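First up is the structure itself, then whatever we jot down about it.
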Amino acid sequence: MNRSRGSSKGMQAGRRQFLALSASAAALTAARMAFPSGAFAQGAGPEVKGTKLGYIALTDSAPLIIAKEKGFFDKFGLPDMDISKQASWGATRDNMALGTKANGIDGAHILRPKVHMYSAGTVTQNNQKLPMYTLLNLNYDCQGISVSNEYKDLNIQKDASPLREAFARKKAAGKELTAAMTFPGGTHDVWIRYWLAAGGIDPDNDIKVIVVPPPQMVANMKVGTMDCFCVGEPWNEQLVNQNIGYTALTTGELWGGHPEKALGMRAEWVDANPKATLAIMMATMEAQQWCEKAENKQEMAEIVGRRQWFNVPVGDIIGRIKGDINYGLGRKVTDTGLAMKFWGKNGEVSYPYKSHDAWFVAENMRWGKFPLTMDAKALIDKTNRADLWREAAKQIGLADAPSGDSRGVETFFDGVKFDPADPMGYLKSLKIKRAAV
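Quick note on numbering: the working numbering labels position 228 of the sequence shown as 219, and the sequence is numbered without any gaps.
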């Protein structure tokens, strides 16, 4: 009898041990399914199940929307991600300053220079510094500079100089000239300033540069409140489709392969949630790969065009993400080199080169948004988290991923070159500027 009881107890203990081992194996399998490349295998996964990220109704926000819609956030253990539409870049700034603890946002689809401006406190309330990180690029190229039909007889393209006399005549007649962009110092601001200045037009003295939220660009040009504007898609294409104006050039023609939007997050949140940050990045990077594939373009346009995201017809979205550019005035091209890019061969579109940060900082110095005395390198080193990008790339098994700080010397459409090792030399070479270099 005693041997029987001892044997029974041993069997029960063995069964409990077997069940415990089985449970552990099941948990490990689940973790590997959630993070197929082995991410977080040593821990319990992300610290949180999600957070709130903002976006503006622009096609380059697609990776965040697709990561939500196609389950990439769920795959990496973030089922509670909230991708929240923002009314303007100003609203994005204000909500970022609040953070989710105060009913704001912890990160966003963002104009890349805004990470520098928030962190330096140049555009925040009371110049309060808001430490931010650039985690990855969301896209390259495919913004647009569009012109009112008032100037359709000039058929303006890359060369803006024919507008000089037209603007001078209009100004002499006592009429106001306006060029619109989406946020001071942001990408659309520096694109339109660069283009005007290359054509001999001073954006501060020859025309008034104003701020208009992206979704309001077309309506404002329709009522005649602006002469030209720079914005992302789908608003240039919608302008052409409604025959209100025409596109002079896409920004990829101004600087081929230029960085545009970034995933920027509050440094405080990233530092407190390193695993969740990597999970957000990995989900977004896989969504970028999905967006890059030609066979997914139609579905992507259909998803982001829905009422809850952009509320824009697919016909206003699909052309330029494929490289089918209808400039208006009968000019059309099919050039995949001008299409919006989300990933590239080895993830180079997503990788945040510090040399690109250096150009945006230099341009903001050019127009007086940053002082020439600013320690640009310190600011860039503090905000650029290419180290986290490389870790995320490793976790998703990305081979031949880009690395290093610089993509090298960049060349613009007018022949001007930017050497990231000599930003001041670049500024000295420019004729129209505010900086006293």
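Here a beta-carbon is modelled for each residue, glycine too, at the ideal position from N, C-alpha and C.
Nothing here was measured: the structure is a model prediction, and the numbers come from that model.
When the options are compared against residue i, the one with the closest alpha-carbon
| i | options | result |
| --- | --- | --- |
| Asn196 | Gln386, Arg155, Thr216 | Arg155 |
| Lys360 | Lys332, Ala427, Val203, Asp378 | Ala427 |
| Pro194 | Gln207, Asp218, Val214 | Asp218 |
| Gly243 | Ile136, Ala157, Pro225 | Ile136 |
| Met291 | Lys166, Lys313, Gly81 | Lys313 |
| Val39 | Ala267, Lys92, Lys422 | Ala267 |
| Ile316 | Leu89, Glu228, Asp65 | Glu228 |
| Asn437 | Lys408, Asp73, Ser394, Glu60 | Since the first residue shown for the chain is -8 and the last is 428, residue 437 is missing from the structure and cannot be characterised. |
| Ala35 | Ser397, Asn302, Ile57, Asn264 | Asn264 |
As assigned by DSSP and simplified to three states, the class of residue i
| i | result |
| --- | --- |
| Tyr185 | helix |
| Val295 | helix |
| Ala14 | With a pLDDT of only 40 at Ala14, under 50, the local geometry of the prediction cannot be trusted, and no value is derived from it. |
| Met356 | helix |
| Leu55 | helix |
| Asn130 | coil |
| Lys422 | coil |
| Val209 | helix |
| Thr169 | strand |
| Leu389 | coil |
| Phe26 | Residue confidence is low: Phe26 scores 45 on pLDDT, short of 50, so the model does not pin down where it sits. Its coordinate-derived value is still stated next. In the structure shown, Phe26 sits in coil (DSSP, three-state: anything other than H, G, I, E or B). |
| Ile317 | It is worth fixing the name first, because residue 317 is Asn in this sequence and not Ile. The answer is strand: DSSP assigns Asn317 an E or B state. |
| Ser346 | helix |
| Glu401 | strand |
| Ala305 | In the sequence under discussion, the amino acid at residue 305 is Val, which differs from the Ala named in the question. In this structure, Val305 counts as helix in the three-state DSSP scheme. |
| Met272 | helix |
| Lys266 | helix |
Whether residue i touches residue j by CB criterion (7 Å)
| i | j | result |
| --- | --- | --- |
| Asn375 | Thr125 | yes |
| His100 | Leu55 | yes |
| Gln280 | Gly223 | no |
| Tyr131 | Leu121 | no |
| Gly247 | Met212 | no |
| Phe63 | Glu277 | yes |
| Phe174 | Leu129 | no |
| Val352 | Ala367 | yes |
| Ile387 | Met273 | yes |
| His249 | Cys221 | no |
Start-to-end residues for the alpha helix (DSSP H) that takes in residue i
| i | result |
| --- | --- |
| His107 | 103 to 111 |
| Ala377 | 377 to 386 |
| Thr115 | Segment: none, Thr115 is in no alpha helix (DSSP H) and carries neither H nor E. |
| Val231 | 226 to 232 |
| Phe63 | 63 to 66 |
| Leu370 | 367 to 374 |
| Gly81 | 80 to 89 |
| Ala157 | 153 to 163 |
Sequence-distant residues of its chain with Cβ nearer than 7 Å to residue i (five each side left out)
| i | result |
| --- | --- |
| Asp410 | Val400, Gly416, Tyr417 |
| Asn94 | none |
| Lys143 | Tyr237, Leu320 |
| Ile192 | Ala151, Leu154, Arg155, Phe158, Ile198 |
| Ile96 | Lys43, Leu44, Gly45, Ser75, Asn86, Met87 |
| Ser13 | Since pLDDT at Ser13 reaches only 40, below the 50 mark, its modelled position is unreliable, and the value read off the structure follows with that caveat. If we look at Ser13 and ignore the five residues flanking it on each side, it has no Cβ neighbours. |
Terminal residues of the beta strand (DSSP E) in which residue i lies
| i | result |
| --- | --- |
| Gln134 | 134 to 139 |
| Val324 | 322 to 325 |
| Met256 | 252 to 257 |
| Thr238 | 236 to 241 |
| Ile198 | Counting along the chain, Ile198 falls outside any beta strand (DSSP E), and DSSP gives it neither H nor E. |
| Lys143 | Counting along the chain, Lys143 falls outside any beta strand (DSSP E), and DSSP gives it neither H nor E. |
Same chain only: Cβ atoms within 8 Å of residue i, ignoring 5 sequence neighbours per side
| i | result |
| --- | --- |
| Glu382 | Leu269 |
| Thr113 | Gly176, Lys360, Phe361 |
| Ala164 | none |
Heavy atom of the ligand HEM within 6 Å of residue i beta-carbon
| i | result |
| --- | --- |
| Arg103 | In terms of ligand content, the structure shown is empty, and the ligand HEM therefore cannot be addressed. |
Cβ-based neighbour list, residue i, same chain, cut-off 6 Å, excluding 5 preceding and 5 following
| i | result |
| --- | --- |
| Val181 | Glu354 |
| Val203 | Ala171, Asn211 |
| Ser420 | none |
| Val261 | Tyr124, Thr268 |
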